[in-house]
Amino acid sequence: MRDSIEIAVSGPVRGRIRPPGSKSITNRALVCAALADGRSVLHGALDCDDTRVMIDALGKLGLAVEHDPAAKTIRVDGCSGRPPAAAAALDVGNSGTTIRFLTALAALGRGRVRLDGTRRMQQRPIADLLRALEQLGAKAASQRGTGCPPVVVEGNGLPGGSARVAGDISSQFLSGLLLAAPCALAPVVLDVEGPLVSKPYVDMTLAVIRSFGVSVEVEDRKRFSIAAPQMYRAQRYQIEPDASAASYFFAAAAITGGEVTVEGLCRSSLQGDVAFCDCLEAMGCDVDWGDGQITVRGGSLRGVQVDMNSISDTVQTLAAVALFAEGPTRISGVGHIRHKETDRIGALAAELRKLGAEVQEASDGLSIAPAPLRKARIDTYDDHRMAMSLALVGLRQPGVVICDPGCTAKTYPEFFDDLAKITNP
Numbered sequence: 073m074r075d076s077i078e079i080a081v082s083g084p085v086r087g088r089i090r091p092p093g094s095k096s097i098t099n100r101a102l103v104c105a106a107l108a109d110g111r112s113v114l115h116g117a118l119d120c121d122d123t124r125v126m127i128d129a130l131g132k133l134g135l136a137v138e139h140d141p142a143a144k145t146i147r148v149d150g151c152s153g154r155p156p157a158a159a160a161a162l163d164v165g166n167s168g169t170t171i172r173f174l175t176a177l178a179a180l181g182r183g184r185v186r187l188d189g190t191r192r193m194q195q196r197p198i199a200d201l202l203r204a205l206e207q208l209g210a211k212a213a214s215q216r217g218t219g220c221p222p223v224v225v226e227g228n229g230l231p232g233g234s235a236r237v238a239g240d241i242s243s244q245f246l247s248g249l250l251l252a253a254p255c256a257l258a259p260v261v262l263d264v265e266g267p268l269v270s271k272p273y274v275d276m277t278l279a280v281i282r283s284f285g286v287s288v289e290v291e292d293r294k295r296f297s298i299a300a301p302q303m304y305r306a307q308r309y310q311i312e313p314d315a316s317a318a319s320y321f322f323a324a325a326a327i328t329g330g331e332v333t334v335e336g337l338c339r340s341s342l343q344g345d346v347a348f349c350d351c352l353e354a355m356g357c358d359v360d361w362g363d364g365q366i367t368v369r370g371g372s373l374r375g376v377q378v379d380m381n382s383i384s385d386t387v388q389t390l391a392a393v394a395l396f397a398e399g400p401t402r403i404s405g406v407g408h409i410r411h412k413e414t415d416r417i418g419a420l421a422a423e424l425r426k427l428g429a430e431v432q433e434a435s436d437g438l439s440i441a442p443a444p445l446r447k448a449r450i451d452t453y454d455d456h457r458m459a460m461s462l463a464l465v466g467l468r469q470p471g472v473v474i475c476d477p478g479c480t481a482k483t484y485p486e487f488f489d490d491l492a493k494i495t496n497p
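In the numbering used here, the protein residues as written are 73 to 497.
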């Protein structure tokens with residue numbers, strides 16, 4: 073892809089779109105299938121950088137994985153709870169789900185596994201997960217003592233027991249433990265310390281686990297009890313479209329006063345990010361929740377105050393919409409997104425100011441006051457969501473150029489092609 077792309081101004085967008093499969097569900101289902109007792113087939117699977125590094129890593133752990141991107145299917149021959157590789161070196165790129173899930177999975181094996189990634193990955197915290205694994209009897213450490221990758225796991229089966237896991241940095245620590253715990257040698261009890269961010273993602277993890285035949289007892293999302301050893305059962309599993317990706321098309325309708333229908337999602341979807349539509353409704357859009365589809369129609373937009381802790385992957389998308397609202401928008405509850413692919417609060421504030429907005433940064437979010445917009449070159453910080461969300465501003469404001477648009481390959485390689493399908497130059 074080109075080094076940069078200028079977004080074409082559009083009239084009201086119109087159309088129907090089905091985003092690719094959910095990255096979050098695909099990577100969770102891959103782990104469950106890898107640990108299962110037979111061959112699983114995942115349908116509607118996402119083909120992107122994050123799923124490719126997960127598939128590659130599972131292969132290096134000794135799993136047989138067959139990926140057919142054209143058919144959107146992945147076949148996985150499970151290992152019955154014991155990854156077979158005696159040693160492995162895994163490059164996870166900048167995929168948080170991959171390193172957190174596979175650090176826990178590696179403890180189930182019998183060998184030394186080293187996990188590393190990009191320079192940014194080496195700055196992303198993982199100490200809380202390592203401490204929890206140690207409490208369960210595993211040997212897992214930050215190789216450089218920084219509390220960040222590279223990570224080395226000396227697998228010898230996961231003994232089990234009780235552990236406390238912090239919930240305020242990333243729900244992926246808890247999700248990784250939940251995915252591995254059924255294959256421990258003895259029952260596991262996980263207690264969450266402090267507030268749990270991104271709760272819908274934990275609910276998603278539990279739903280996928282249960283779909284593969286494993287039971288987990290939950291007490292108010294604070295204590296999770298897992299009988300072990302249990303065996304995941306191989307499945308033919310259907311992955312729904314990515315709700316985070318859908319947010320860009322819903323926002324395009326809001327920004328341009330258009331109408332977009334996203335197929336394959338509904339109010340009861342596994343992904344909490346469908347609640348992004350509630351934010352748009354509060355801002356003045358009309359939302360129709362159908363059976364297997366959601367339609368958003370743009371309206372006269374107004375600023376809102378919203379805690380986005382549960383849907384933090386859509387913060388940047390809402391910020392793009394806020395530029396076209398009447399009155400300020402205050403987003404709170406998302407301090408943890410400073411530890412994502414980039415510091416998403418700081419980076420977002422910097423780029424919104426380039427566009428002319430008045431932005432006040434806070435520890436847990438930001439306030440956005442609309443102001444006359446201007447053309448700008450938008451830096452994307454190797455963060456797919458920066459590119460996709462701020463591209464939407466260019467649908468109304470001429471001269472918006474997105475640098476490094478290829479970073480969208482992390483979760484949505486075809487994003488700019490799909491956006492073009494609904495625009496009306």
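C-beta atoms are modelled at their ideal positions from N, C-alpha and C, and glycine is treated no differently.
None of the values given here were measured: they were computed from a predicted structure.
Asked	Found
Tell me where the alpha helix (DSSP H) around A129 begins and ends.	D121 to K132
Checking 7 Å against the spacing of the C-beta atoms, do Q194 and P221 come in under that value?	yes
Return the first residue and the last residue of the beta strand (DSSP E) that S76 is part of.	S76 to E78
To the nearest angstrom, how far is it from the Cα of G183 to the Cα of V224?	10 Å
Under a three-way DSSP split, which group does A429 fall into?	coil
Could you pull the start and end residues of the alpha helix (DSSP H) that Q388 belongs to?	V387 to A394
Let me check one thing: in DSSP terms, what residues is Q377 bridge-paired to?	R402
From the DSSP output, which residues share a beta bridge with C475?	S76
Are R295 and D263 touching if we call contact CB-CB under 7 Å?	yes
Counting along the chain, where does the beta strand (DSSP E) carrying Y273 start and finish?	Run containing Y273: none in the beta strand (DSSP E); it sits in the alpha helix (DSSP H), K271 to S283.
For K493, report the span of its alpha helix (DSSP H) as first-last.	F487 to I494
Could you tell me the alpha carbon to alpha carbon distance between T170 and G478, rounded to whole angstroms?	20 Å
So what's P313 in DSSP terms, helix, strand or just coil?	strand
Check whether the Cβ atoms of R402 and S439 sit closer than 7 Å, and answer yes or no.	yes
By the three-class DSSP mapping on this structure, what secondary structure does T483 have?	coil
Is it right to say E423 is buried, meaning 16 or more other beta carbons lie within 10 angstroms of its own, or is it exposed?	buried
Which full runs of the beta strand (DSSP E) of 3+ residues lie inside the region 177-223, going along the chain?	184-188 and 211-214
Can G153 and G181 be called in contact, C-beta distance under 7 Å?	no
Compare the beta carbon distance of S316 and D345 with 7 Å and say whether it is the shorter of the two.	yes
Does the Cβ of Q307 have 16 or more other Cβ atoms within 10 Å, making it buried, or fewer, making it exposed?	buried
Using CA atoms only, rank isn't needed, just tell me which of V288, S247, A143 and L257 is closest to L268.	S247
Taking the C-alpha atoms as reference points, what is the distance between F321 and R88?	9 Å
Which residues in the same chain as T98 place their Cβ atom closer than 6 Å to its Cβ, once the five residues preceding and following it in sequence are excluded?	A117, L118, T123 and I311
Look at the Cβ atom of V103, then the Cβ atom of V164, and state whether they are nearer than 7 Å.	no
Is the beta carbon of E398 less than 7 Å from the beta carbon of R369?	no
Under 8 Å by Cβ, that's how I've got P444 and G428 pegged, so tell me the actual separation to the nearest angstrom.	6 Å
What is the DSSP secondary structure of G336, reduced to helix, strand or coil?	coil
Quick one: residues in its chain with C-beta nearer than 6 Å to the C-beta of Q205, no 5 flanking neighbours on either side, listed in chain order?	First, the residue type needs correcting, since residue 205 is Leu and not Gln in the sequence shown. Excluding residues within five positions, the ones whose Cβ falls inside 6 Å are A179 and A212.
Distance check for E433 and A421, CA to CA, integer angstroms please.	7 Å
According to DSSP, simplified to helix, strand and coil, what is L438?	strand
My output table needs one value for I241: the three-state DSSP class, helix, strand or coil.	coil
Would you please state the rounded distance, in angstroms, between the beta carbons of G168 and A106? I believe it to be under 8 Å.	That pair is no contact at about 18 Å.
Do S283 and E289 count as a contact pair if the criterion is CB distance below 7 Å?	no
Of the residues M458, G407, K144 and E430, which one's Cα is nearest the Cα of D436?	G407
Assuming contact is defined by CB atoms lying nearer than 7 Å, are A300 and V237 in contact in what I supplied?	no
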